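Worksheet: one structure, shown below.
There are 2 protein chains.
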Amino acid sequence: MDIQFLGTSSGTPSTTRNVAGTALRMQDERGWMLVDCGEGTQHRILHTSFSLVSLRAIFITHIHGDHCYGLPGLLASAGMLNRTAELLIAGPGAVRRFVQGVLDSTELRLPYALCFVDVESNPDIDFLDEVGVHATTLSHRVPSFAYSFTERTPVPRLDAARLDGDGIPSGPLRGRLQRGEEVVLPDGRRIRGADYQLPPRPPRKVIIAGDNDAPDLLAGEARQAQVLVHEATYTEAALAKVGPAPQHSSAGRVAAFARDVGVPNLVLTHFSPRYHGTAGDGNALAELEAEARACYQGKLFLADDLQTYRLGRDGMLALLP
Amino acid sequence: MDIQFLGTSSGTPSTTRNVAGTALRMQDERGWMLVDCGEGTQHRILHTSFSLVSLRAIFITHIHGDHCYGLPGLLASAGMLNRTAELLIAGPGAVRRFVQGVLDSTELRLPYALCFVDVESNPDIDFLDEVGVHATTLSHRVPSFAYSFTERTPVPRLDAARLDGDGIPSGPLRGRLQRGEEVVLPDGRRIRGADYQLPPRPPRKVIIAGDNDAPDLLAGEARQAQVLVHEATYTEAALAKVGPAPQHSSAGRVAAFARDVGVPNLVLTHFSPRYHGTAGDGNALAELEAEARACYQGKLFLADDLQTYRLGRDGMLALLP
Chain G
1 MDIQFLGTSS GTPSTTRNVA GTALRMQDER GWMLVDCGEG TQHRILHTSF
51 SLVSLRAIFI THIHGDHCYG LPGLLASAGM LNRTAELLIA GPGAVRRFVQ
101 GVLDSTELRL PYALCFVDVE SNPDIDFLDE VGVHATTLSH RVPSFAYSFT
151 ERTPVPRLDA ARLDGDGIPS GPLRGRLQRG EEVVLPDGRR IRGADYQLPP
201 RPPRKVIIAG DNDAPDLLAG EARQAQVLVH EATYTEAALA KVGPAPQHSS
251 AGRVAAFARD VGVPNLVLTH FSPRYHGTAG DGNALAELEA EARACYQGKL
301 FLADDLQTYR LGRDGMLALL P
Chain W
322 MDIQFLGTSS GTPSTTRNVA GTALRMQDER GWMLVDCGEG TQHRILHTSF
372 SLVSLRAIFI THIHGDHCYG LPGLLASAGM LNRTAELLIA GPGAVRRFVQ
422 GVLDSTELRL PYALCFVDVE SNPDIDFLDE VGVHATTLSH RVPSFAYSFT
472 ERTPVPRLDA ARLDGDGIPS GPLRGRLQRG EEVVLPDGRR IRGADYQLPP
522 RPPRKVIIAG DNDAPDLLAG EARQAQVLVH EATYTEAALA KVGPAPQHSS
572 AGRVAAFARD VGVPNLVLTH FSPRYHGTAG DGNALAELEA EARACYQGKL
622 FLADDLQTYR LGRDGMLALL P
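Now the structure itself:
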């Protein structure tokens, strides 16, 4: 599973970070998914390998503009690329009203259908081949959600040592055993895949959360997840000055939650422009990072725009070069 | 008068050109105006000297997304910068419905007031100090307008030769004469500014047009204008293939109009992505340029994103370095 960040700023874009947008692709799949679509997301996509034609679904965490104002332009551009496949848009109910209102008021006609799912009443999205998606309610000024993406069926592993011990030859035959078939060996033995399959590894699971001042709401979901992507808009000190009204999280609060729940990989994003620095200034996020590292011993990342992270089958996350 | 192009693409952004947006500033004024606001306009503004706090007014030519989908994000960002001054938004009536609909559906609260002017019923906008603005109806799939910006009161010129001949000293005294005051000279003579003022030069006038397949509609406006900024989406050959339905102009058609009406400076923009080429490819627009040059002998420019043009008091336009 690859995660590419298209925008990592909170509220407004800066010269180094765009507003929210995150692409998710299952390895070996042509299609991909988008979580949030702030203004300029389609511009960022022009600098990736993703195409608006192969986009499978868009998940909007909440209705604030820095998470959805890029939707109308992205939909229009997909139309100009002659997309014909239906596009799923999941989010709180306000998303449908926003999109439908813009289509109507700006006379935008799309050459493909939109399928809206209101996650406030339908939190489980089961009709994507590659993943099951679950929406968890968060705490913010408007209805806000985290999306959990869980691999549907990890490929079973074969017990290679036992196969070797029983003198079962390598090659296509082992592929059939891996798929659970019964096969007849050249020497006449009849064997069953099920007898050589190891318990499947845990399915990979990634949570990409929207704006949220109560990470604990993700406790149930995060226990089985390998990756949590969560906003860390401020440091704890800045958050104390700003006050609770905007309902955002600090880096420290999110890191403490990740430690407590035992999630092995944590990616922080959605940084207030005060932390952006300038291009090439590698140290702009130092305060946020130090606060998070002080209480979290897992693999910690602070996302930058256009970075791609890969979640391996071993459940560990790595930044791709 | 300075004109800075923020986006010069038609329909969708590419890696080299954003969708429509043009900034206009009267020299010596702190405020500025924006014509059209495609998605990503606020991102382009981050690379200019313009501030969303000193933006005086936004003029939208028509309701198509590549000319207005950047409005909600720009308004939101101006709010986050604590703008308090009322902002004028002029355009066809659909613009107000679009903006109001997005404000409502996305719960966007602005800390400043919006003042909408529907140019379909009020084509003359007279309440800006620095310029008078007139909206001319164009021909497109939806109501589309060109905006003429006319300098309000050119500073009167003094007849320096006559002043010298009459032995009137240089210095602050001449400034008072220029403003039309009556002054008493050191030698006791009493003279009046009006007697030494030359007829004022013609006011500078710039037309920035929206999408339009009938440049002739601008004949009345363009006769007194020094600059016409007009879309040239295709070459004549490409336009013939595309057919008349999109209702765009070719470079040749616009250039022929500019020649016939005698406008001395023509800037083409809004180029179909087929002509964009890649960054550093200076020749991508060669076809469009050749077609326009074949029938127009005035000063011709094909706009690039972030270029600034200055219209001097002599009525000639120059690209700033």
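Those sequence lines, one after another, are chains G and W. Heads up: the first sequence is residues 1 to 321, going by our numbering. Heads up: the second sequence is residues 322 to 642, going by our numbering. Idealized CB from N, CA, C, for every residue including glycine. As the structure is a prediction and not an experimental result, all values here were calculated from the model.
C-beta neighbour in chain G for residue i, strict 8 Å
i	result
ILE384(W)	yes
PRO393(W)	yes
PHE419(W)	yes
GLN363(W)	yes
VAL423(W)	yes
PRO507(W)	no
VAL463(W)	yes
TYR390(W)	yes
SER398(W)	yes
SER370(W)	no
GLY414(W)	no
MET401(W)	yes
GLY598(W)	no
THR329(W)	no
THR333(W)	yes
GLU557(W)	no
THR629(W)	no
SER336(W)	The sequence given here places Thr at residue 336(W); Ser does not occur at that position. Output row for THR336(W): interface = yes.
Residue i vs residue j beta-carbon contact at 8 Å
i	j	result
SER331(W)	HIS591(W)	yes
VAL563(W)	TYR555(W)	yes
LEU55(G)	LEU81(G)	no
VAL267(G)	ALA219(G)	no
ILE384(W)	TYR468(W)	no
PHE5(G)	LEU306(G)	yes
ALA135(G)	ALA232(G)	no
ASP36(G)	HIS140(G)	no
ILE60(G)	GLY91(G)	yes
GLY496(W)	GLU503(W)	no
ARG310(G)	ASP2(G)	yes
LEU431(W)	LEU396(W)	yes
LEU429(W)	GLY65(G)	yes
PHE578(W)	PRO536(W)	yes
THR106(G)	CYS389(W)	yes
Presumed contact (8 Å Cβ cut-off) between residue i and residue j, rounded CB distance
i	j	result
GLY38(G)	VAL19(G)	3 Å
PRO520(W)	THR471(W)	PRO520(W) to THR471(W), Cβ: 17 Å. No contact.
GLN499(W)	PRO477(W)	6 Å
VAL119(G)	PHE98(G)	Between PHE98(G) and VAL119(G) the Cβ distance is about 15 Å, and since that is not below 8 Å, they are no contact.
THR337(W)	THR599(W)	7 Å
LEU300(G)	LEU285(G)	Not confirmed; about 11 Å, so no contact.
GLY298(G)	PRO264(G)	5 Å
Euclidean distance between Cα positions of residue i and residue j
i	j	result
SER571(W)	LEU560(W)	6 Å
LEU317(G)	ALA255(G)	16 Å
MET26(G)	VAL206(G)	11 Å
VAL416(W)	GLY391(W)	12 Å
ASP398(W)	ALA406(W)	This sequence places Ser at residue 398(W); Asp is not what is there. Using only the alpha carbons, I get a separation of about 14 Å.
PRO244(G)	LEU138(G)	15 Å
PRO393(W)	LEU435(W)	12 Å
LEU408(W)	THR12(G)	19 Å
ALA58(G)	ALA23(G)	In the sequence on display, residue 58(G) carries Ile and not Ala. About 9 Å.
THR362(W)	GLY315(G)	40 Å
PHE448(W)	ARG595(W)	40 Å
LEU288(G)	GLY252(G)	8 Å
GLN518(W)	SER14(G)	49 Å
GLY7(G)	ASP304(G)	8 Å
TYR112(G)	GLY400(W)	35 Å
GLU221(G)	ILE45(G)	29 Å
GLU322(G)	ARG152(G)	There is simply no residue 322(G) to check, as chain G begins at 1 and stops at 321 in what is shown.
VAL463(W)	ARG223(G)	53 Å
SER49(G)	VAL102(G)	28 Å
HIS43(G)	ASP602(W)	20 Å
Residue i at chain W interface by Cβ criterion, 8 Å
i	result
THR22(G)	no
ASP33(G)	The sequence given here places Met at residue 33(G); Asp does not occur at that position. So no, MET33(G) is outside the interface.
SER54(G)	no
SER105(G)	yes
GLU287(G)	no
Heavy atom of the ligand PLP within 7 Å of residue i beta-carbon
i	result
ILE512(W)	Annotation note on the ligand PLP: not contained in the displayed structure, which lists no ligands.
- Task: Enumerate, from N- to C-terminal direction, the unbroken beta strand (DSSP E) stretches of 3 or more residues contained entirely within the region 535–620 of chain W.
- Result: 548–552, 586–590
- Query: Hey, which unbroken runs of the beta strand (DSSP E) at 3 residues or more fall wholly within the region 460–508 of chain W?
  - Reply: Listed in chain order, the complete beta strand (DSSP E) runs (minimum 3 residues) inside the region 460–508 of chain W are 466–472, 503–505.
- Secondary structure, beta strand (DSSP E): runs of 3+ residues fully inside the region 405–441 of chain W: 408–412, 435–439
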